[in-house]
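Residue numbers (my numbering): 19 to 517.
Note that CB positions come from ideal geometry on N, CA and C, so glycine has one too.
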């Protein structure tokens with residue numbers, strides 16, 4: 019009789035484990051550290067995230083799996099393959115950059131943001147986000163999704179005495195709980211039809227479902243997709259995004275815009291391409307329609323932002339992130355029609371890496387300007403070149419990357435990759451919709467970029483750069499410039515390894 023006891027591959031699970039352990043250490047240390055030394059908790063968190071990111075390096079050589087079914091070869095709950103490592107790099111690297119922004123934000127906020135609770139919640143969310151791409155069964159997937167999401171609700175509403183923050187947290191909470199309920203209902207239907215939660219076994223058994231359960235299975239697939247559409251902020255499930263980004267502390271808005279999307283999209287990829295490939299005729303057209311709707315509504319919403327409106331810079335970035343979510347959906351939809359779905363998924367992952375680096379950089383500049391202009395309007399960026407020339411150049415570069423214009427070569431390269439995925443899959447109409455949306459997006463990205471170099475109104479305000487903010491700007495800038503110089507590295511790095 020085979021033993022039910024199995025060894026755990028501690029190296030494979032090291033990145034999310036280190037993040038979670040450091041979170042617990044911070045929570046306990048908060049009880050014993052005096053107010054004057056609370057900033058040390060932030061630097062401990064930064065060090066923990068850096069260590070977790072570095073632990074990805076020993077995993078690059080080979081696929082590793084753990085928590086496997088005894089007696090069934092190749093069916094595991096945790097797999098550290100190329101897809102997992104790339105998403106974990108995006109999640110942990112993005113969390114590290116958001117943590118650097120948070121160190122300065124917490125100092126500026128004073129006692130309105132409790133540092134111990136902030137860092138514990140932040141690291142808990144990052145641990146869940148790092149676990150999700152490695153999940154290979156639906157139970158682990160849902161648990162990871164909720165571990166990533168639940169602390170994020172609290173982080174959005176953590177600022178003491180701020181009604182805007184509380185309202186944002188409530189909207190985020192209600193929409194996310196609805197998404198979870200819908201996902202769980204869909205997953206329970208899939209489980210009822212197949213009798214398993216492991217993704218590879220679901221893919222095998224769902225093809226031979228009893229005819230009486232066919233409607234139940236289709237309903238389960240649709241409900242699961244709807245749940246993940248909420249998580250990815252796809253239209254019409256995007257309504258929480260602008261208010262949540264404005265109400266949240268700015269580093270948390272940056273975190274949600276990149277890590278939150280990475281969580282939603284990696285979960286969506288695992289559910290559709292790995293677990294439900296035989297239902298591509300259901301989720302393919304649905305995701306294609308969602309992609310077209312999401313990019314259009316997001317870009318039109320960003321275009322309508324008035325430069326003098328309070329928090330218009332953050333709102334513009336929020337609507338822009340909705341539009342970018344539409345682009346990210348395109349290759350996943352294309353995977354349903356493509357003869358090489360792994361290549362299509364690689365396009366989404368490549369785009370996510372580009373978007374993560376430059377969007378976090380844009381939020382870093384927004385955090386800098388927000389220190390002296392509390393309303394953070396787009397109009398506040400006028401003449402930034404006169405007071406902070408390097409910062410203005412970096413923000414201009416980040417915006418051009420998001421627009422897909424030179425010298426932001428990595429942005430252009432990522433958009434061409436996504437565009438070609440749609441064309442190769444025979445989705446010509448979706449490629450046309452994307453091309454139109456890229457033109458729409460050019461308007462608001464170029465308007466903001468031009469504003470940076472116009473003559474300032476009155477005396478230019480000098481923005482002092484704290485060390486953590488400088489580090490975040492330097493890291494995102496170097497990454498964006500390096501990838502623009504050698505964009506082929508992204509696709510080589512993003513071979514997904516899912517098949």
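- Taking a 10 Å sphere around the C-beta of residue 99, we find 16 or more other C-beta atoms and assign the residue as buried.
- The criterion of a C-beta distance shorter than 7 Å is satisfied by residue 283 and residue 250.
- Take residue 246, set aside five residues on each side of it, and the residues of its chain with a beta-carbon closer than 7 Å to its own are 201, 282, 285, 286 and 289, in chain order.
- Counting the other CB atoms within 10 Å of its CB gives residue 129 a total below 16, which places it among the exposed residues.
- In this structure, DSSP gives residue 257 a state outside helix and strand, which the three-state scheme calls coil.
- Under DSSP, the beta-bridge partners assigned to residue 86 are 94.
- In the assembly as shown, residue 433 is a buried residue. Its beta-carbon has 16 or more other beta-carbons within 10 Å.
- Around the beta-carbon of residue 34, 16 or more other beta-carbon atoms lie within 10 Å, marking it buried.
- Put simply, the stretch 72-80 does not touch the stretch 137-153. Fewer than three CB pairs are less than 8 Å apart.
- When C-alpha distances from residue 88 are compared across 357, 168 and 26, the shortest belongs to 26.
- Here residue 81 carries a coil assignment [DSSP, helix/strand/coil].
- Judged by DSSP secondary structure, residue 461 falls within the alpha helix (DSSP H) whose first and last residues are 446-470.
- Classified as buried, residue 256 has 16 or more neighbouring CB atoms from the shown chains inside 10 Å of its CB.
- With a cutoff of 7 Å on beta-carbon distance, residue 204 and residue 233 are scored as not near each other.
- In terms of CA proximity to residue 179, 127 leads the group 127, 411, 109 and 494.
- Residue environment analysis places residue 235 among the buried positions, since at least 16 neighbouring C-beta atoms fall within 10 angstroms of its C-beta.
- Residue 330 has no beta-bridge partner at all, per DSSP.
- When the five nearest sequence neighbours on each side are left out, the beta carbons in the same chain lying within less than 8 Å of the beta carbon of residue 489 are those of 118, in order along the chain.
- Residue environment: residue 279 is assigned as buried (16 or more neighbouring CB atoms within 10 Å of its CB, all protein chains considered).
- Cα atoms of residue 462 and residue 383: separation of roughly 17 Å, rounded to the nearest angstrom.
- Non-local beta-carbon contacts of residue 183 in its own chain, meaning distances under 6 Å to residues more than five positions away in sequence, involve 175, 177 and 265 in chain order.
- Per DSSP, the unbroken alpha helix (DSSP H) holding residue 236 starts and ends at 232-249.
- Taking C-alpha positions only, residue 155 is separated from residue 292 by approximately 10 Å.
- Here the C-alpha atom of residue 169 lies approximately 17 Å from the C-alpha atom of residue 43.
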